[in-house]
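> Counting with the numbering used here, you get residues 1 to 266 for the letters of the sequence shown. Encoded as structure tokens, here's the structure I'll be asking about.
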Amino acid sequence: MSAAVSYERVRDQLATLGLDAALTSLDPVLARGQQDAKVAVEVLDELLGLELAARFERRIATNRKLAGLPTLKTLESFDFAAQPEIPKPTVDELATLRFLHQGENVLLLGPCGVGKTHLATGLALTALARGHRIYFLTLHDLVTKSRAARDRNRLGLFMQTLLRPALLILDEIGYQPLERADATCLFELVNKRYQMQKSIILTSNKSFGQWDEIFPDTALATALLDRLLHRATTITIRGESYRLRHRRQAGLAGPPLNAGGTHPAA
Ligand code: ADP
Ligand code: MG
């Protein structure tokens, strides 16, 4: 068979197999192969490599769309100097994603504005960039969506979407107390992911000791914490709100709030 016929057939076969990136790159790859006197296997290697790279990019783009991230804050844009309570080596270690491969959890605790969601999002983006599926939702989302799913008899299906991703981010636990059905749903989610050895990143403005206030009974709070903390990295941030501090440094806000959340008496 002549080379011209083979060329046509290769194009058709790539198209039939849906290897679109390889098809697009065929001409330049063949030209480079000829120019650099590459052997056939090198040319094939480059062509297939380009197809796989393009597929990986597509997968990342799809995963990003499905992730439900509220912002795209990265770990690189996190100012560790501004938040000395957060140990950078610990975050660097988390960024290796070993925790994800080992099914460990990450718990980020601290008051409003100290960077919990930023860190969670940064880790999520790191995981996405390496091809993992993630899903982000606030506890409020979880409550609303699981109630809606229950009403439509589709709770099982909704739970599946929360069990499938390699990483689940549950943001803002503790801002509202949970009714029993919602607390049970949260427990089942955490328990199932624990059994599947799949990671959760959880953020809360409440210390573990205060979790009793969120749950309808202590036994449920204890059982949940037991699963969450069994294999987990906890980062507790006690600092001041990042934005507030910047505003104060710019002379736009008063002194820092005291522990009770009020301004100290002048
Ligand atoms: P939290 O979730 O703890 O309430 P956020 O992560 O939403 O706080 O942070 C509030 C805002 O301040 C966000 O815009 C975030 O990007 C920014 N921020 C907080 N801490 C830092 C930091 N150390 N470096 C850079 N930006 C920060
Ligand atoms: Mg937050």
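Glycine included, C-beta positions come from ideal geometry on N, C-alpha and C. Please read all numbers here as calculations on a predicted model, not as lab measurements.
Which one of Asp79, Thr236, Gly122 and Arg64 has the shortest CA to CA distance from Arg243?
The candidate whose alpha carbon is nearest that of Arg243 is Asp79.
> Alpha carbon to alpha carbon, how far is Ile173 from Pro87?
Cα to Cα, Ile173 sits roughly 22 angstroms from Pro87.
> In the DSSP assignment, what are the bridge partners of Val10?
Paired residues: none, contrary to the question.
> For a minimum of 3 consecutive residues, which ranges assigned as the beta strand (DSSP E) are wholly contained in the stretch 138 to 186?
You should have 167 to 173.
> Is any non-hydrogen atom of the ligand MG found closer than 7 angstroms to the C-beta of Asp141, if you look at the structure I gave you?
No, the beta carbon of Asp141 sits no closer than 7 angstroms to any heavy atom of the ligand MG.
> Where do the ends of the alpha helix (DSSP H) carrying Leu23 lie?
Asp20 to Gln35 is the extent of the alpha helix (DSSP H) around Leu23.
> Hey, quick one: how far does the beta strand (DSSP E) through Val106 stretch, first residue to last?
Asn105 to Leu109 is the extent of the beta strand (DSSP E) around Val106.
> Checking the sheet assignment: what are the DSSP bridge partners for Phe136?
Bridge partners of Phe136: Ile169.
> Excluding five sequence neighbours on each side, which residues of the same chain lie with their C-beta closer than 8 angstroms to the C-beta of Gly261?
In this predicted model, Gly261 has a pLDDT of only 40, less than 50, meaning its place in the structure is not dependable; the value taken from the coordinates is given anyway. No residues qualify anywhere along the chain.
> Run the CB neighbour count on Ala129, radius 10 Å, all protein chains shown included, and call it buried at 16 or more, exposed below.
Answer is exposed; the Cβ neighbour count stays below 16.
> Assuming Asp212 contacts Ala223 under a Cβ cut-off of 8 angstroms, what Cβ separation, rounded to an integer in Å, is found between them?
About 12 angstroms; that fails the 8 angstroms criterion.
> Under the rule that 16 or more other beta-carbon atoms within 10 Å means buried, what is Leu170, buried or exposed?
By the 10 Å Cβ count, Leu170 comes out buried.
> Given the structure, does Lys317 come close to the ligand ADP, in the sense that its CB is under 7 angstroms from one of the ligand's heavy atoms?
Any answer about residue 317 is impossible in this case: the structure gives the chain only from 1 up to 266.
> Leaving aside the five residues before and after Ala124 along the sequence, list all residues of the same chain whose C-beta is less than 8 angstroms from its C-beta, in chain order.
Excluding sequence neighbours, Ala124 sits near Ala67, Leu69, Ile134, Phe136, Leu167, Ile169 and Ile201.
> Hey, could you find the ends of the alpha helix (DSSP H) Thr282 is sitting in?
The requested residue 282 does not occur in the structure, where the chain is confined to residues 1 to 266.
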